[in-house]
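Residue numbers (my numbering), protein chains in the order written: chain A, 61 to 422; chain B, 91 to 578.
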């Protein structure tokens, strides 16, 4: 087991290195750098001005060198200038005395770089945004996992029954509704003061505010409540829910046809007791892995929903970083998301082995 | 001209329609409740000594649901048929139904022919034994016909999808034009968007974008996945390790991040999409070559001309696909010459190419994993051992023994994957990546409409519902196919 985890960690590290290198390479292609120079400097720069801007800021070194510097294994670039105050370097601000300049600064030294869009250290930006998305994800999981499991178990306990048919149709419908579709529909139906349900409800006096829910989650960043936060949470959960529910249903129907369930029924155990005490535990092994593997997929939903509802979290950060080619921010964002993907994969594998005693890793 | 209502002179039917909907919902809810009660199969002994079994409450409800559902379908059909004849007199739905007349005819023909010959149509014919599959197929074919008729032949649409009409900015569905020209359609059936363009026409034009790109991109992803997945599963070993690592590498990438990195004008400038196109599009060529060669290599006199003809045609298509303006890759600093413009069959817009390539790139690792898993499973079967004993080559076994036996799950996944690709295309449009901003595709339209969502929702709702229905149709179709393929 220990060896298995070690090997998986090794592969994870390799994967993360490869992926960050790909991101690094793509963001450091010359047209992207040119765009960066023009947005940072000025849009009417000549080609020579762009080249000298990039040269003095170390962007034109070979990609591998830059990657090494970013990792912190190679010494950071220094562009000497005649006046010592204008000497630029990767690891120090202009005007730092020579003896205070660190040679290396990168991930290994805990330095994630400086964001060119937000004008602040990347580490800090990513952490604040991650906290906001963490809040969103927490509520998403709180809503999605229980409801998906309930739907799946109810559908799977009597295969082919009316309840099963209705719930399965519901799960298919939710998997066919991407977030940008359901979000748009929810906003139009529930959060518009002119259309949908809200004007009706307001007219009847059932709701005090103008709309049933708020179509923008910006205020939820500070103070989240049901009114401003439910729609984004619901939108993300709905898309992920259908898949988990279908997997739970499949696993539940398989368990319900097992021999020991038949034995229990023949012995006269109550149906509710069979479902809750005998079937449920075994039926929840498969959904566990599915839920863990679904978490990286939620990231897509997070990006879409944060854009749609204007909630400035990690997904919004990704969009901002990518749209402005903010290289170091983008790298940090991709490192975080790659780690999320790989760690959830690892947890799902390990958890599966623990939950299912029939599987042993040799 | 006056403002159209949704159903016009058929408004009398609305109350029936709503009533039926409510009753159906109630009946289904009651059915669910009743299904928790123990079944009471009441048996009744008739005076003549026979035993009749009564359905009891559950049976009665079941019949009621079927009846109500049939009535509901009937009412919907009345809306459509009457609308097709009465046109805008029957409101917005009538107007749309009349515009869609060619689609209805094509759908009816498809279904009539398919159901009549279903016993002779193999796997496709079996689809018509499953209700869910038929509903899904109908929805999918509806959009396919809409795309083909509307996008390719310019039927169905009421206005030009790009031109703006004065005074129609953000107008509600059914608004008449201020001063329609002679012969111009006098209404905006689904209203106008924030640039005063007709939402209905854009919806139809947008379906063509999806119908063109999604199945083709999925097909290419399958070619890549199959060509790499079969040997990975069959040979195993180091090849499998390397390919699986690469597939997992791509899968570990968040899709949206990958899109944001790949689908930008700057990346198009570097020529990377062209290199990817050259790499990804060669797989169908390899697949066909190996497929035919492994089957006929014992008859060289037949194989050689066959390969020359097939590879000639496919190779020509391939070269036309990857070369634009006589070059495969053309950047500012260098240029790799390709097929000269004279014999180049078609050029692809660089924006569309990059979208296409990235969608194929994102999808193929998943297909690879599925095919690899299936190959691992099937290679232990007896017929594979028999073929090995016969002395068949490995590629023959992979492509002519393993692949046909994996077709059931692959076809089902193909349908699901087209749906997923549609969602991905919508995502790209939603973030304004790839296709130009006035493109009528659904994702871009939703993106354009979402800014004014709470004031004028119709511009975003129409494409959202369209996308929802197409993906739902594909999911239902896949479900029907799965049901039928399990029955074998």
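By construction, the Cβ of each residue, glycine as well, lies at the ideal position given by its N, Cα and C atoms.
Fair warning: this is a prediction, and the values are worked out from it, not measured in the lab.
Within 10 Å of its beta-carbon, does residue i have 16 or more other beta-carbons around it, so buried, or fewer, so exposed?
i: residue 574 of chain B; result: buried
i: residue 563 of chain B; result: buried
i: residue 124 of chain A; result: exposed
i: residue 469 of chain B; result: buried
i: residue 210 of chain A; result: exposed
i: residue 92 of chain B; result: exposed
i: residue 191 of chain A; result: exposed
i: residue 398 of chain B; result: exposed
i: residue 202 of chain A; result: exposed
i: residue 111 of chain B; result: exposed
i: residue 335 of chain B; result: exposed
i: residue 299 of chain A; result: buried
i: residue 494 of chain B; result: exposed
i: residue 422 of chain A; result: Confidence in residue 422 of chain A is poor, its pLDDT being 48 and thus under 50, which makes the residue's placement unreliable; the coordinate value appears in the next sentence. Per the 10 Å Cβ criterion, exposed.
List, in chain order, every chain A residue whose beta-carbon is nearer than 7 Å to that of residue i.
i: residue 507 of chain B; result: None at all; the shortest Cβ gap to chain A is about 13 Å.
i: residue 557 of chain B; result: 241
i: residue 582 of chain B; result: The question about residue 582 of chain B has no answer, for chain B in this structure spans 91 to 578.
i: residue 569 of chain B; result: 232
i: residue 345 of chain B; result: 360
Name, in chain order, the residues that DSSP records as bridge partners for residue i.
i: residue 174 of chain A; result: A:181
i: residue 80 of chain A; result: Paired residue(s): none; residue 80 of chain A is not in a bridge.
i: residue 426 of chain B; result: B:419
i: residue 235 of chain A; result: Answer by DSSP bridge pairing: none, since residue 235 of chain A is not bridged.
i: residue 135 of chain B; result: B:141
i: residue 138 of chain A; result: A:149
i: residue 266 of chain B; result: B:277
i: residue 288 of chain B; result: B:282
i: residue 414 of chain B; result: B:417
Whose Cβ in chain A lies nearer than 8 Å to the Cβ of residue i?
i: residue 350 of chain B; result: 378, 379, 382 and 383
i: residue 338 of chain B; result: 75
i: residue 561 of chain B; result: 236, 237 and 238
i: residue 125 of chain B; result: 218, 221, 222 and 223
Name, please, each residue of chain B whose Cβ falls closer than 7 Å to the Cβ of residue i.
i: residue 244 of chain A; result: 536, 540, 543, 550, 551 and 554
i: residue 151 of chain A; result: Within chain B, no residue comes near residue 151 of chain A; the closest Cβ sits about 26 Å away, beyond 7 Å.
i: residue 226 of chain A; result: 118 and 122
Against residue i, what residues of chain A qualify as contacts under a CB-to-CB distance less than 9 Å, listed in chain order?
i: residue 92 of chain B; result: Neighbours of residue 92 of chain B on chain A: none; closest Cβ ~21 Å, over 9 Å.
Residues of chain B with a CB under 8 Å from the CB of residue i: which are they?
i: residue 309 of chain A; result: The premise fails here: residue 309 of chain A is roughly 13 Å from chain B at the closest Cβ pair, so nothing lies under 8 Å.
i: residue 402 of chain A; result: 342
i: residue 407 of chain A; result: Within 8 Å Cβ-Cβ: nothing; residue 407 of chain A doesn't reach chain B, min ~14 Å.
i: residue 397 of chain A; result: 344 and 347
Tell me whether residue i, by its Cβ, gets closer than 7 Å to a heavy atom of the ligand ZN.
i: residue 573 of chain B; result: Only the bare structure without any ligand can be found here, which leaves the ligand ZN out of the picture.
Just the chain B side, please: which residues come within less than 9 Å of residue i by C-beta, in chain order?
i: residue 122 of chain A; result: Here the premise fails: no neighbours, minimum Cβ distance about 17 Å.
i: residue 332 of chain A; result: Near residue 332 of chain A there are no residues of chain B at all, since even the closest Cβ is about 10 Å away, more than 9 Å.
Listed in chain order, which residues of the segment 369-384 of chain A have Cβ atoms closer than 9 Å to some Cβ of chain B?
375, 378, 379, 381, 382 and 383
Under 8 Å, with one C-beta from each stretch per pair, do the segment 158-165 of chain B and the segment 191-206 of chain B reach the 3-pair mark?
no
Give the residues from the segment 295-327 of chain B that approach chain A closer than 8 Å (Cβ to any Cβ), ordered along the chain.
none
Using a Cβ-Cβ cut-off of less than 8 Å, list which residues of the segment 353-370 of chain A approach chain B; keep chain order.
356, 359, 360, 363, 364, 367 and 368
Would the segment 456-475 of chain B and the segment 431-439 of chain B be scored as touching if the rule is three or more Cβ pairs under 8 Å?
no
Quick one: any contact between the segment 131-144 of chain A and the segment 95-114 of chain A, if contact means 3 or more CB pairs under 8 Å?
no
Residues in the segment 253-267 of chain A having any Cβ partner in chain B nearer than 8 Å:
253, 254, 255 and 256
Under 8 Å, with one C-beta from each stretch per pair, do the segment 279-290 of chain B and the segment 304-323 of chain B reach the 3-pair mark?
no
Please list the residues of the segment 263-297 of chain A that have a C-beta atom closer than 7 Å to any C-beta atom in chain B, keeping them in chain order.
275
Validate contact between the segment 309-327 of chain A and the segment 161-175 of chain A using beta carbons, cut 8 Å, 3 pairs:
no
When the Cβ atoms of the segment 249-260 of chain A are set against those of the segment 374-391 of chain A, are three or more pairs found closer than 8 Å?
no
How do the segment 521-539 of chain B and the segment 178-194 of chain B stand: do at least 3 beta-carbon pairs fall below 8 Å, yes or no?
no
Any contact between the segment 169-183 of chain B and the segment 91-106 of chain B? By contact I mean 3 or more CB pairs, one from each, below 8 Å.
yes
Give a yes or no on contact between the segment 506-519 of chain B and the segment 244-253 of chain B, applying the rule of three or more CB pairs nearer than 8 Å.
no
Given 8 Å, three or more beta-carbon pairs between the segment 91-106 of chain A and the segment 401-410 of chain A
no
Name, going along the chain, the residues of the segment 351-381 of chain B whose beta-carbon falls closer than 9 Å to a beta-carbon of chain A.
351, 352, 354, 355, 356, 357, 358, 359, 360 and 362
Can you list, in chain order, the residues of the segment 510-523 of chain B whose Cβ is nearer than 8 Å to any Cβ on chain A?
513, 516, 517, 520 and 521
Taking contact to mean 3 or more Cβ pairs, one atom from each stretch, closer than 8 Å, check whether the segment 491-504 of chain B and the segment 555-572 of chain B are in contact.
yes
Could you run through the segment 76-92 of chain A and flag, in chain order, every residue whose CB is less than 9 Å away from some CB of chain B?
76, 78, 79, 82, 83, 86, 87, 89, 90, 91 and 92
Flag this pair as touching only if the segment 203-217 of chain B and the segment 540-549 of chain B have three or more C-beta atom pairs under 8 Å; answer yes or no.
no
Count the CB pairs spanning the segment 289-296 of chain B and the segment 218-235 of chain B that are closer than 8 Å, and state whether there are at least three.
no
Which of the residues in the segment 206-231 of chain B, read from start to end, lie with their CB under 7 Å from any CB of chain A?
none
Evaluate contact between the segment 239-250 of chain A and the segment 550-567 of chain B, counting only Cβ atoms and requiring at least three cross-stretch pairs below 8 Å.
yes
Looking at C-beta atoms only, is the number of pairs between the segment 334-344 of chain A and the segment 303-313 of chain A that lie closer than 8 Å three or more?
yes
Between the segment 439-453 of chain B and the segment 345-355 of chain B, are three or more C-beta pairs nearer than 8 Å?
yes
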